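Protein chains in written order, with the numbering used here: chain Z, 70 to 217; chain B, 14 to 427.
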């Protein structure tokens with residue numbers, strides 16, 4: 070495999086070109102947006118909960134940025150839909166990184182986990198789920214913007 | 014500008030001075046097209062740095078032993094070289110700093126805090142690097158002054174017709190502008206802005222970090238009041254820069270950093286400040302780096318700034334012509350004759366980070382990002398751009414490799 074195929078494997082390009090769960094949810098129960106000031110990646114995530122108030126019934130994202138940031142957020146939409154907010158608040162980033170399945174340099178790692186950080190902040194704000202230090206540090210670094 | 018014809022710059026010969034350009038990666042040299050961020054360093058400058066540390070190094074302006082005298086002579090000799098480089102009237106007006114950023118902060122704090130207040134206007138432009146934007150925004154807020162920005166038109170040129178309406182808003186006290194935009198390469202009308210600033214009774218602060226490597230500088234011809242440059246953008250070491258300021262302004266200013274060497278006398282009751290330029294050089298300076306800065310001035314002056322300007326102009330014109338062949342490309346900024354050796358662009362539907370990554374695999378190094386000019390990016394309606402920038406060692410073949418790499422990136426993300 071060449072370097073290109075290693076980093077931009079077909080599934081990533083597919084998610085980048087045909088993002089899953091792309092769009093906004095009007096009157097979402099949880100929402101946050103964030104950006105990576107270093108490279109200008111932007112991601113905005115909308116969540117609506119089921120009747121139990123915990124199950125992620127629907128989740129959508131909007132954003133612009135590099136292939137890694139947008140594809141990773143698209144993959145994240147598939148990972149989290151139907152799972153509980155409590156569970157996702159505690160989701161280790163490794164689960165997403167495994168799904169992405171490519172080696173990432175520290176700079177690109179930030180692109181890859183931007184969406185997950187935004188989602189965790191959205192859940193934290195809406196449900197008061199814990200935001201472990203790792204993510205609150207990220208939140209400081211990545212600059213998460215207002216709730217709505 | 015120069016009356017005598019300069020010999021044309023021989024970039025192939027110059028390339029032999031730069032070790033990195035001889036390095037091969039996967040059998041190929043890397044096309045280093047990020048000189049606007051920082052240039053590579055020639056052996057002549059590195060030899061000067063090493064030689065100074067080995068044979069002339071001691072702290073300056075202190076010891077009476079021979080080595081200290083030699084160090085002082087080297088350090089002050091570099092100051093004279095920088096003075097001549099910007100055509101300043103006196104070495105008293107040349108302050109060594111850590112960087113152009115520190116030079117601008119020095120003016121913003123030491124002049125701004127004492128001279129700005131409510132009703133005053135601090136005017137910057139949309140083309141500024143954050144280093145000539147944020148300090149003024151901050152000092153304006155600290156002092157209650159109003160912060161205003163001259164916007165750009167679609168071609169990356171300053172909209173000077175807005176000056177009259179800005180002047181009506183209050184007392185314009187500071188105008189800050191870069192002579193060359195680090196993002197678009199635009200050569201800005203600093204003489205015009207200086208004349209306007211002086212009509213308003215304002216000082217003119219010029220960020221020449223990106224201009225100094227590219228074109229002859231003459232603070233007396235520009236007519237400005239302060240001008241900041243940085244060694245690392247002109248073949249010198251990082252960690253050192255210089256600020257030129259009018260002696261009468263510098264004399265009237267309070268110090269910026271306080272400590273050793275910047276004093277005349279220190280008593281428990283009171284301390285008095287030293288003479289220019291030492292009043293602004295507290296603590297041990299980057300002595301050897303300043304010396305090597307002088308060597309960098311020698312190096313690019315020997316090539317000739319007129320020749321460098323012409324070389325960069327030819328390369329950027331060629332690059333813009335070749336880049337225009339790439340389908341779906343947007344090129345930002347003015348035509349080649351209005352810019353230095355910098356070109357910013359975007360490929361449709363491919364993020365600059367992805368473009369830079371693919372180009373890196375093709376051994377082409379460019380910058381993808383906002384180039385510390387977020388207000389400008391907002392104006393362009395983008396989060397980031399790709400930027401290729403050229404210097405004395407850049408050659409047309411590297412432009413061809415850039416274009417070939419872009420075709421590859423386009424194909425991959427199509």
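Just so you know, even glycine gets a beta-carbon here, dropped at the ideal spot from N, CA and C. Note that this is a predicted model, so its numbers are computed, not measured.
Taking the C-alpha atoms as reference points, what is the distance between residue i and residue j?
{"i": "residue 383 of chain B", "j": "residue 119 of chain B", "result": "25 Å"}
{"i": "residue 236 of chain B", "j": "residue 106 of chain B", "result": "14 Å"}
{"i": "residue 59 of chain B", "j": "residue 342 of chain B", "result": "39 Å"}
{"i": "residue 413 of chain B", "j": "residue 422 of chain B", "result": "14 Å"}
{"i": "residue 289 of chain B", "j": "residue 264 of chain B", "result": "7 Å"}
{"i": "residue 255 of chain B", "j": "residue 209 of chain B", "result": "25 Å"}
{"i": "residue 112 of chain B", "j": "residue 267 of chain B", "result": "20 Å"}
{"i": "residue 54 of chain B", "j": "residue 298 of chain B", "result": "21 Å"}
{"i": "residue 201 of chain Z", "j": "residue 194 of chain Z", "result": "13 Å"}
{"i": "residue 308 of chain B", "j": "residue 79 of chain B", "result": "22 Å"}
{"i": "residue 79 of chain Z", "j": "residue 86 of chain Z", "result": "10 Å"}
{"i": "residue 441 of chain B", "j": "residue 30 of chain B", "result": "The shown model of chain B, from 14 to 427, leaves out residue 441 of chain B, and the question about it has no answer."}
{"i": "residue 205 of chain B", "j": "residue 231 of chain B", "result": "15 Å"}
{"i": "residue 37 of chain B", "j": "residue 43 of chain B", "result": "7 Å"}
{"i": "residue 46 of chain B", "j": "residue 419 of chain B", "result": "14 Å"}
{"i": "residue 395 of chain B", "j": "residue 107 of chain Z", "result": "14 Å"}
{"i": "residue 126 of chain B", "j": "residue 365 of chain B", "result": "39 Å"}
{"i": "residue 148 of chain Z", "j": "residue 156 of chain Z", "result": "12 Å"}
{"i": "residue 153 of chain B", "j": "residue 181 of chain Z", "result": "38 Å"}
Just to confirm, is the Cβ distance from residue i to residue j under 8 Å?
{"i": "residue 196 of chain B", "j": "residue 400 of chain B", "result": "yes"}
{"i": "residue 302 of chain B", "j": "residue 253 of chain B", "result": "yes"}
{"i": "residue 24 of chain B", "j": "residue 324 of chain B", "result": "yes"}
{"i": "residue 110 of chain Z", "j": "residue 138 of chain Z", "result": "yes"}
{"i": "residue 101 of chain B", "j": "residue 346 of chain B", "result": "no"}
{"i": "residue 159 of chain B", "j": "residue 133 of chain B", "result": "yes"}
{"i": "residue 358 of chain B", "j": "residue 386 of chain B", "result": "no"}
{"i": "residue 171 of chain B", "j": "residue 165 of chain B", "result": "yes"}
{"i": "residue 296 of chain B", "j": "residue 274 of chain B", "result": "yes"}
{"i": "residue 203 of chain B", "j": "residue 190 of chain B", "result": "yes"}
{"i": "residue 84 of chain B", "j": "residue 73 of chain B", "result": "yes"}
{"i": "residue 369 of chain B", "j": "residue 381 of chain B", "result": "yes"}
{"i": "residue 318 of chain B", "j": "residue 403 of chain B", "result": "no"}
{"i": "residue 136 of chain Z", "j": "residue 192 of chain Z", "result": "no"}
{"i": "residue 138 of chain B", "j": "residue 163 of chain B", "result": "yes"}
{"i": "residue 109 of chain B", "j": "residue 92 of chain B", "result": "yes"}
{"i": "residue 242 of chain B", "j": "residue 215 of chain B", "result": "no"}
{"i": "residue 141 of chain B", "j": "residue 228 of chain B", "result": "no"}
{"i": "residue 173 of chain Z", "j": "residue 145 of chain Z", "result": "no"}
{"i": "residue 218 of chain B", "j": "residue 316 of chain B", "result": "no"}
{"i": "residue 98 of chain B", "j": "residue 314 of chain B", "result": "yes"}
Using the Cβ count rule (16 or more neighbours within 10 Å means buried), how would you classify residue i?
{"i": "residue 184 of chain Z", "result": "buried"}
{"i": "residue 186 of chain B", "result": "buried"}
{"i": "residue 21 of chain B", "result": "exposed"}
{"i": "residue 161 of chain Z", "result": "exposed"}
{"i": "residue 427 of chain B", "result": "exposed"}
{"i": "residue 81 of chain Z", "result": "buried"}
{"i": "residue 233 of chain B", "result": "exposed"}
{"i": "residue 129 of chain B", "result": "buried"}
{"i": "residue 367 of chain B", "result": "buried"}
{"i": "residue 68 of chain B", "result": "exposed"}
{"i": "residue 223 of chain B", "result": "buried"}
{"i": "residue 75 of chain B", "result": "exposed"}
{"i": "residue 246 of chain B", "result": "buried"}
{"i": "residue 391 of chain B", "result": "exposed"}
{"i": "residue 114 of chain B", "result": "buried"}
{"i": "residue 144 of chain B", "result": "buried"}
{"i": "residue 179 of chain Z", "result": "buried"}
Determine which residues share a DSSP beta bridge with residue i and list them.
{"i": "residue 191 of chain B", "result": "B:220"}
{"i": "residue 48 of chain B", "result": "Note: residue 48 of chain B sits in no beta bridge, so no partner."}
{"i": "residue 127 of chain Z", "result": "Z:117"}
{"i": "residue 104 of chain Z", "result": "Z:111"}
{"i": "residue 429 of chain B", "result": "Chain B is shown only over 14 to 427; residue 429 of chain B falls outside these bounds and no answer can be derived."}
{"i": "residue 91 of chain Z", "result": "Z:130"}
{"i": "residue 256 of chain B", "result": "B:108, B:241"}
{"i": "residue 165 of chain B", "result": "B:171"}
{"i": "residue 26 of chain B", "result": "In the DSSP output, where bridge partners are listed per residue, residue 26 of chain B has none listed."}
{"i": "residue 398 of chain B", "result": "B:382"}
{"i": "residue 155 of chain B", "result": "None, per the DSSP bridge assignment."}
{"i": "residue 279 of chain B", "result": "B:284"}
Is the segment 373-382 of chain B in contact with the segment 319-339 of chain B, if contact means three or more CB pairs nearer than 8 Å? no
May I ask you to verify whether the segment 270-283 of chain B touches the segment 187-194 of chain Z, counting CB pairs closer than 8 Å and requiring at least 3? no
On the three-pair Cβ rule with 8 Å, is the segment 80-100 of chain Z touching the segment 114-121 of chain Z? yes
Mind checking the segment 170-204 of chain Z against chain C and listing, in chain order, the residues whose C-beta falls within less than 9 Å of any C-beta there? No chain C is present in this structure, whose protein chains are Z and B.
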